[in-house]
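To start, the structure itself, in structure tokens.
Protein chains: 2
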Amino acid sequence: MTSADDANAAAGPDAPVRRRDLAVARSLDSARVRSEGRVQRFLDAGFELLASAESGRDFTVQEVVDRSGQSLRSFYQYFAGKHELLLALFDEAIRSTAERLEDQLAKERSPLDRLHCFVVEYYRMCLPAPKGRASKSNPTPVLAEFCHQLLTAHQEEASRAFVPLVALLEKTLADAVEAGAVRSSFAGEDVAGSILSTIMFNAAYASTISGTESHDNASAADEMWEFVARGIVTGSK
Amino acid sequence: MTSADDANAAAGPDAPVRRRDLAVARSLDSARVRSEGRVQRFLDAGFELLASAESGRDFTVQEVVDRSGQSLRSFYQYFAGKHELLLALFDEAIRSTAERLEDQLAKERSPLDRLHCFVVEYYRMCLPAPKGRASKSNPTPVLAEFCHQLLTAHQEEASRAFVPLVALLEKTLADAVEAGAVRSSFAGEDVAGSILSTIMFNAAYASTISGTESHDNASAADEMWEFVARGIVTGSK
DNA sequence: CCGTCACGATAACAGCATTCTCAAAATCTG
DNA sequence: CAGATTTTGAGAATGCTGTTATCGTGACGG
Numbered sequence: 239m240t241s242a243d244d245a246n247a248a249a250g251p252d253a254p255v256r257r258r259d260l261a262v263a264r265s266l267d268s269a270r271v272r273s274e275g276r277v278q279r280f281l282d283a284g285f286e287l288l289a290s291a292e293s294g295r296d297f298t299v300q301e302v303v304d305r306s307g308q309s310l311r312s313f314y315q316y317f318a319g320k321h322e323l324l325l326a327l328f329d330e331a332i333r334s335t336a337e338r339l340e341d342q343l344a345k346e347r348s349p350l351d352r353l354h355c356f357v358v359e360y361y362r363m364c365l366p367a368p369k370g371r372a373s374k375s376n377p378t379p380v381l382a383e384f385c386h387q388l389l390t391a392h393q394e395e396a397s398r399a400f401v402p403l404v405a406l407l408e409k410t411l412a413d414a415v416e417a418g419a420v421r422s423s424f425a426g427e428d429v430a431g432s433i434l435s436t437i438m439f440n441a442a443y444a445s446t447i448s449g450t451e452s453h454d455n456a457s458a459a460d461e462m463w464e465f466v467a468r469g470i471v472t473g474s475k
Numbered sequence: 239m240t241s242a243d244d245a246n247a248a249a250g251p252d253a254p255v256r257r258r259d260l261a262v263a264r265s266l267d268s269a270r271v272r273s274e275g276r277v278q279r280f281l282d283a284g285f286e287l288l289a290s291a292e293s294g295r296d297f298t299v300q301e302v303v304d305r306s307g308q309s310l311r312s313f314y315q316y317f318a319g320k321h322e323l324l325l326a327l328f329d330e331a332i333r334s335t336a337e338r339l340e341d342q343l344a345k346e347r348s349p350l351d352r353l354h355c356f357v358v359e360y361y362r363m364c365l366p367a368p369k370g371r372a373s374k375s376n377p378t379p380v381l382a383e384f385c386h387q388l389l390t391a392h393q394e395e396a397s398r399a400f401v402p403l404v405a406l407l408e409k410t411l412a413d414a415v416e417a418g419a420v421r422s423s424f425a426g427e428d429v430a431g432s433i434l435s436t437i438m439f440n441a442a443y444a445s446t447i448s449g450t451e452s453h454d455n456a457s458a459a460d461e462m463w464e465f466v467a468r469g470i471v472t473g474s475k
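So the protein lines, in turn, are chains A and B.
Just so it is clear: in the first sequence, position 31 is 269 by the working numbering, and no numbers are missing.
Just so it is clear: in the second sequence, position 54 is 292 by the working numbering, and no numbers are missing.
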């Protein structure tokens, strides 16, 4: 193994080298792919359970294990604990959300339109799914609750997890500011965080807090934009 | 017991009746006071534990029991479970917050000033307490998390608990709308819920989400008002 | 003085996350 | 292919927590 490697490493410009590299890569990959496969099965099981569970119901590690057709033993070999599984799920949910948003944004032309699109679409994604099962980008109540635990007890991890979404919004905002569509007063501050938390938690809780359940959600997204864009004070516009 | 009661209930206009009534009343009161005393001790113990615990640490029923100098037996006699204790704590936190806000509001003259005051002061109250221990009106992280459980899994209870705060804000808003200071577009909707959740969660999480920790909190409240009042879009003002 | 009732102390039980054990299976190495 | 090594599965064991049940005691009214 070693001698062959050294020999190839020096001069081989042709097949042998590549073959070996490929082989090595493949063998490494094989091991890694197996691992990733198992990890992925746990993640999939987690998402399925999140999607199928009734509101607020948190799954059990045992359920994930059963659902994934693997063993507790394996679970704790790949995850340091339930916390890490949830973190991984949350991470993927955010990432997926950011990707889908980016796709949506690509359809808009002006910076302000993109910003509007971001707000409206993100709001829609955060609305609690009535029937259609939550996709990877739809933060189930359980994930929302976990989100809170992260934000309060593990701020580091929370910040990291939110990066994709924050970055996308910050870019969108920067463009809009440059285009003069958004006031630059907040420039260096955490507007992105403010907007995200505003949208996210409004979608999830606003109607419950007011006590006005089930309000027509068609116009809700537009009102969200009105709120974020122009606030509540009477404008001169 | 019974015959004496009936006799007195009919005609007794003098001392004996009063005495008995007083005695009964006193005994009833004494019993109730004792009960309320015990309940209150549990509540106090709960608040103390919430205030002294490090971020995100949830207390144990046993801790509450120990801290209150009573027994598990008593705890489950007065509370149906831990959930009810938390609910009671949450309820009192909201109620206390609403009261303090109302006091603050009384100092302002114009409807718009009152609204501004509401936003700024509520924001301050929701900011995570750095050192000064959380008072009854400062929703500790634990209560915030419980708030989420309520909002997702027990919407009825959540709505009820928020009533004092929502009512106060709605009144403040209505006055401002009537004065023409706030646009009435949202009139019948859940603006109150939107504003509350916006302030509450922005105070708690916005900086963490953006990753920009510890941002000067002096100007933060003002920016919150700017955000709520005029939004992010460039206004003609 | 007796009965009832509230209470405290404590054990018992159940659910869940996490760890441990042991043997079988898979994978790697030569 | 055979042996060594690692990975995996099945399930028991542990620890923490919420909740319930048991038992005895002390207070209080009649």
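Using N, Cα and C, we set each Cβ at its ideal position, and we do this for glycine too.
Close-in-space but distant-in-sequence residues of the same chain around residue i (CB under 7 angstroms, 5 per side omitted)
{"i": "A/Asn440", "result": "Met462"}
{"i": "A/Leu343", "result": "Arg352, Cys355, Phe356 and Thr410"}
{"i": "A/Tyr360", "result": "Leu339 and Ile437"}
{"i": "A/Leu407", "result": "Phe356, Ala430, Ile433 and Leu434"}
{"i": "B/Lys320", "result": "Val299"}
{"i": "A/Ala442", "result": "Cys364, Pro366 and Ala382"}
{"i": "A/Ala456", "result": "none"}
{"i": "B/Lys345", "result": "none"}
{"i": "A/Val336", "result": "Just to set this straight, residue 336 of chain A is Ala in the shown sequence, not Val. Closer than 7 angstroms at the Cβ level, and outside the excluded window around A/Ala336, lie Pro402, Leu403 and Leu406."}
{"i": "A/Phe384", "result": "Leu324 and Phe328"}
Contact set between residue i and chain A, taken where Cβ atoms lie within less than 9 angstroms
{"i": "B/Arg468", "result": "Arg421, Arg468, Gly469, Ile470, Val471 and Gly473"}
{"i": "B/Glu330", "result": "Those do not exist, as B/Glu330 stays about 18 angstroms from chain A at its closest Cβ, beyond 9 angstroms."}
{"i": "B/Ser336", "result": "This sequence places Ala at residue 336 of chain B; Ser is not what is there. Near B/Ala336 there are no residues of chain A at all, since even the closest Cβ is about 13 angstroms away, more than 9 angstroms."}
8 angstroms Cβ shell around residue i - same chain, five flanking residues per side excluded
{"i": "A/Val302", "result": "Phe280, Ala283, Gly284, Leu287, Phe313 and Leu323"}
{"i": "B/Tyr316", "result": "Ser273, Arg276, Val277 and Phe280"}
{"i": "B/Arg489", "result": "Residue 489 of chain B lies beyond the residue range present for chain B, which begins at 239 and ends at 475; the question has no answer from this structure."}
{"i": "B/Leu389", "result": "Ala396"}
{"i": "A/Ala444", "result": "none"}
Contacts that residue i makes with chain B (C-beta to C-beta distance below 7 angstroms)
{"i": "A/Gly307", "result": "By Cβ distance, chain B contributes nothing, its closest Cβ being about 29 angstroms from A/Gly307, past 7 angstroms."}
{"i": "A/Phe400", "result": "Ile447"}
{"i": "A/Phe439", "result": "Ser435 and Phe439"}
{"i": "A/Ala444", "result": "Asp428, Gly431, Ser432 and Ser435"}
{"i": "A/Glu395", "result": "Neighbours of A/Glu395 on chain B: none; closest Cβ ~10 angstroms, over 7 angstroms."}
Distance between beta carbons of residue j and residue i, contact taken as under 8 angstroms
{"i": "A/Ala430", "j": "B/Thr446", "result": "No, A/Ala430 and B/Thr446 are not in contact; Cβ-Cβ is about 12 angstroms, not under 8 angstroms."}
{"i": "B/Gly469", "j": "A/Val466", "result": "6 angstroms"}
{"i": "A/Ala291", "j": "A/Phe297", "result": "6 angstroms"}
{"i": "B/Leu365", "j": "B/Phe328", "result": "Incorrect: roughly 18 angstroms between the Cβ atoms, too far for contact."}
{"i": "A/His392", "j": "B/His386", "result": "Not a contact, Cβ separation roughly 15 angstroms."}
{"i": "B/Arg421", "j": "A/Thr450", "result": "Not quite, the Cβ-Cβ distance comes to about 19 angstroms (not below 8 angstroms), so this is no contact."}
{"i": "A/Asp428", "j": "A/Pro349", "result": "Contact flag wrong, Cβ pair sits at about 20 angstroms."}
{"i": "A/Ser423", "j": "B/Glu464", "result": "7 angstroms"}
{"i": "A/Ala459", "j": "A/Arg362", "result": "6 angstroms"}
Per-residue contacts from residue i into chain B (C-beta, under 8 angstroms)
{"i": "A/Ala382", "result": "His386 and Thr390"}
{"i": "A/Thr450", "result": "Glu427, Asp428 and Gly431"}
{"i": "A/Val404", "result": "Ile447, Ser448 and Gly449"}
Cβ-based neighbour list, residue i, same chain, cut-off 6 angstroms, excluding 5 preceding and 5 following
{"i": "B/Ala261", "result": "Because the pLDDT at B/Ala261 is just 49, under 50, the model does not fix this residue reliably, and the value given afterwards should be weighed accordingly. Answer for B/Ala261: no residue qualifies."}
{"i": "B/Pro379", "result": "Ser293 and Gly294"}
{"i": "A/Gln300", "result": "none"}
Per-residue contacts from residue i into chain A (C-beta, under 8 angstroms)
{"i": "B/Ser290", "result": "What B/Ser290 touches in chain A: nothing, since even the nearest Cβ is about 16 angstroms away."}
{"i": "B/Val299", "result": "None at all; the shortest Cβ gap to chain A is about 19 angstroms."}
Residue i beta carbon near the ligand ZN (any heavy atom closer than 8 angstroms)
{"i": "A/Leu389", "result": "The model depicted lacks the ligand ZN and carries no ligand whatsoever."}
Partner residues on chain A for residue i, Cβ-Cβ distance less than 7 angstroms
{"i": "B/Glu322", "result": "Going along chain A, no residue has its Cβ under 7 angstroms from B/Glu322, so there is no contact; the nearest lies around 17 angstroms."}
{"i": "B/Glu340", "result": "By Cβ distance, chain A contributes nothing, its closest Cβ being about 18 angstroms from B/Glu340, past 7 angstroms."}
Under 9 angstroms from the C-beta of residue i: neighbouring residues of chain B
{"i": "A/Phe465", "result": "Phe424, Val429, Ser432, Ile433, Thr436, Val466 and Gly469"}
Beta carbons nearer than 8 angstroms to chain B: which residues of the stretch 425-436 of chain A have them? Under the 8 angstroms Cβ criterion, the stretch 425-436 of chain A contributes Glu427, Asp428, Val429, Ala430, Gly431, Ser432, Ile433, Leu434, Ser435 and Thr436.
Contact between the stretch 413-424 of chain A and the stretch 383-401 of chain A (3+ Cβ pairs under 8 angstroms): No: the two stretches stay apart, fewer than three of their Cβ pairs being nearer than 8 angstroms.
Along the stretch 408-420 of chain B, where does the CB come closer than 7 angstroms to a CB of chain A? Name the residues. Within the stretch 408-420 of chain B, the qualifying residues are Gly418, Ala419 and Val420.
Contact list for the stretch 342-373 of chain B against chain A, Cβ threshold 7 angstroms: Listed in sequence order: no entries.
Got a sec: which bits of the stretch 268-293 of chain A sit with their beta carbon under 8 angstroms from any beta carbon on chain B, in order along the chain? Contact annotation: in the stretch 268-293 of chain A, residues whose CB is within less than 8 angstroms of a CB in chain B are Ser293.
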